[in-house]
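Asks: Taking UniProt numbering, I'd label the letters of the sequence shown as residues 1 to 253. Here a beta-carbon is modelled for each residue, glycine too, at the ideal position from N, C-alpha and C. Small disclaimer: the values here were computed from a predicted structure and weren't measured.
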Amino acid sequence: MNIHAIRAIYRFEMARTWRTLLQSIVSPVISTSLYFVVFGAAIGARMTAIDGVSYGAFIVPGLVMLSLLTQSISNASFGIYFPKFVGTIYEILSAPVSPFEIVAGYVGAAASKSIILGLIILVTARLFVPFHIEHPLWMLAFLLLTALTFSLFGFIIGIWADNFEKLQLVPLLIVTPLAFLGGSFYSIHMLPPFWQKVTLFNPVVYLISGFRWSFYGVSDVSLGVSVGMTLVFLAACLALVWWIFRSGYRLKA
Numbered sequence: 001m002n003i004h005a006i007r008a009i010y011r012f013e014m015a016r017t018w019r020t021l022l023q024s025i026v027s028p029v030i031s032t033s034l035y036f037v038v039f040g041a042a043i044g045a046r047m048t049a050i051d052g053v054s055y056g057a058f059i060v061p062g063l064v065m066l067s068l069l070t071q072s073i074s075n076a077s078f079g080i081y082f083p084k085f086v087g088t089i090y091e092i093l094s095a096p097v098s099p100f101e102i103v104a105g106y107v108g109a110a111a112s113k114s115i116i117l118g119l120i121i122l123v124t125a126r127l128f129v130p131f132h133i134e135h136p137l138w139m140l141a142f143l144l145l146t147a148l149t150f151s152l153f154g155f156i157i158g159i160w161a162d163n164f165e166k167l168q169l170v171p172l173l174i175v176t177p178l179a180f181l182g183g184s185f186y187s188i189h190m191l192p193p194f195w196q197k198v199t200l201f202n203p204v205v206y207l208i209s210g211f212r213w214s215f216y217g218v219s220d221v222s223l224g225v226s227v228g229m230t231l232v233f234l235a236a237c238l239a240l241v242w243w244i245f246r247s248g249y250r251l252k253a
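So, in structure tokens, the structure goes:
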């Protein structure tokens with residue numbers, strides 16, 4: 001395994017983040033902070049507690065997860081698509097770098113950026129909404145697993161996309177609605193019985209539920225199910241990436 005190649009790709013992608021700090025970090029933090037101001041501090045103060053947790057604190061895990069999902073996909077998809085768009089992908093293809101090393105470099109950087117962003121948003125949320133974390137190790141585990149899973153998913157989108165419209169299609173029309181309907185702002189137990197069952201087909205429910213449990217010890221589904229489904233999503237993305245390169249696919253501009 002070419003460790004130097006992985007490190008080079010990783011460092012290049014991380015350096016791009018610091019060069020575009022306003023877009024990569026500041027903008028998502030400000031956008032999420034607006035949710036905390038409106039739903040946490042303003043509206044949340046007038047809403048009843050959910051499962052013994054104040055509404056402002058209840059939505060913190062959901063909003064962090066919403067940002068984590070969208071930014072993981074965006075970072076990974078743009079990271080691999082942009083070299084294809086400008087033609088610099090040939091510099092990587094001409095180097096002694098395997099598909100595994102390309103995936104490790106780009107996905108590792110995208111996941112790292114998303115985790116850093118998630119932690120910054122958590123610190124920022126503390127300025128607007130009081131909350132606590134009962135299980136910090138589980139919180140970090142869900143943060144890491146989710147960032148890796150959706151960075152892999154974003155990498156797949158970046159490979160598939162051949163224009164900027166396709167690059168934004170899945171995050172805007174599929175992932176974001178699933179996150180909003182997956183319990184970011186409410187407990188699925190508040191829904192009618194029929195819609196509770198329908199919502200269980202939404203994979204984001206299990207991510208948000210497990211992440212919220214790590215904060216307050218309350219969840220819509222059991223911890224075991226949340227962890228199991230998260231690992232299934234991760235394995236599915238890994239298998240899909242493996243199949244793409246195993247089938248003879250070659251990156252090209």
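Do residue 95 and residue 158 have their CB atoms nearer than 8 Å?
Replies: In this structure, residue 95 sits away from residue 158, with a CB-CB distance that is not shorter than 8 Å.
Asks: Thinking just about the alpha-carbon of each residue, which of 202, 104, 168 is nearest to the one in residue 179?
Replies: 202
Asks: In terms of alpha-carbon separation, which member of 86, 188, 193, 22 lies closest to residue 205?
Replies: Proximity to residue 205 across 86, 188, 193, 22 peaks at 188, based on C-alpha coordinates.
Asks: Where residue 12 and residue 65 are concerned, what is the direct C-alpha to C-alpha distance, given to the nearest angstrom?
Replies: 26 Å
Asks: As an exercise, report each continuous alpha helix (DSSP H) stretch of at least 4 residues that is fully enclosed by the segment 153 to 203, in chain order.
Replies: For the segment 153 to 203, the continuous alpha helix (DSSP H) assignments of 4+ residues that do not extend past its boundaries occur at 164 to 170, 176 to 180, 193 to 199, in sequence order.
Asks: Assess contact between the segment 215 to 231 and the segment 90 to 104, defined as three or more Cβ pairs (one per stretch) separated by less than 8 Å. Is contact present?
Replies: When C-beta atoms of the segment 215 to 231 are compared with those of the segment 90 to 104, fewer than three pairs fall below 8 Å, so the two segments do not count as touching.
Asks: Compute the distance between the beta-carbons of residue 71 and residue 117, then report whether it is under 8 Å.
Replies: Yes, they are a contact pair.
Asks: Would you mind reading off the limits of the alpha helix (DSSP H) that contains residue 109?
Replies: 99 to 125
Asks: What does residue 50 pair with, by DSSP beta-bridge criteria?
Replies: Its beta-bridge partners are 53.
Asks: Starting from residue 240, trace the alpha helix (DSSP H) both ways and give me its first and last residue.
Replies: 223 to 246
Asks: Per the contact definition of three or more C-beta pairs closer than 8 Å, is the segment 24 to 31 in contact with the segment 106 to 117?
Replies: yes
Asks: Spell out a yes or no on whether the segment 140 to 158 and the segment 104 to 111 are touching, meaning 3 or more CB-CB pairs, one atom from each, closer than 8 Å.
Replies: yes
Asks: Can you look up residue 1 in the DSSP assignment and give me helix, strand or coil?
Replies: coil
Asks: Between the C-alpha atoms of residue 174 and residue 56, what's the straight-line distance to the nearest angstrom?
Replies: 26 Å
Asks: Expressed to the nearest angstrom, what Euclidean distance is found between the alpha-carbon atoms of residue 58 and residue 91?
Replies: 47 Å
Asks: With respect to the alpha helix (DSSP H) encompassing residue 89, which residues constitute its N-terminal and C-terminal limits?
Replies: 89 to 93
Asks: Could you tell me how far apart the beta carbons of residue 63 and residue 184 are, in whole angstroms, since I believe they sit closer than 8 Å?
Replies: 6 Å
Asks: Quick one: is residue 164 buried, meaning 16 or more other Cβ sit within 10 Å of its Cβ, or exposed?
Replies: exposed
Asks: Go ahead and label residue 125 buried or exposed: buried means 16 or more other beta carbons lie within 10 angstroms of its beta carbon, across all protein chains shown.
Replies: buried
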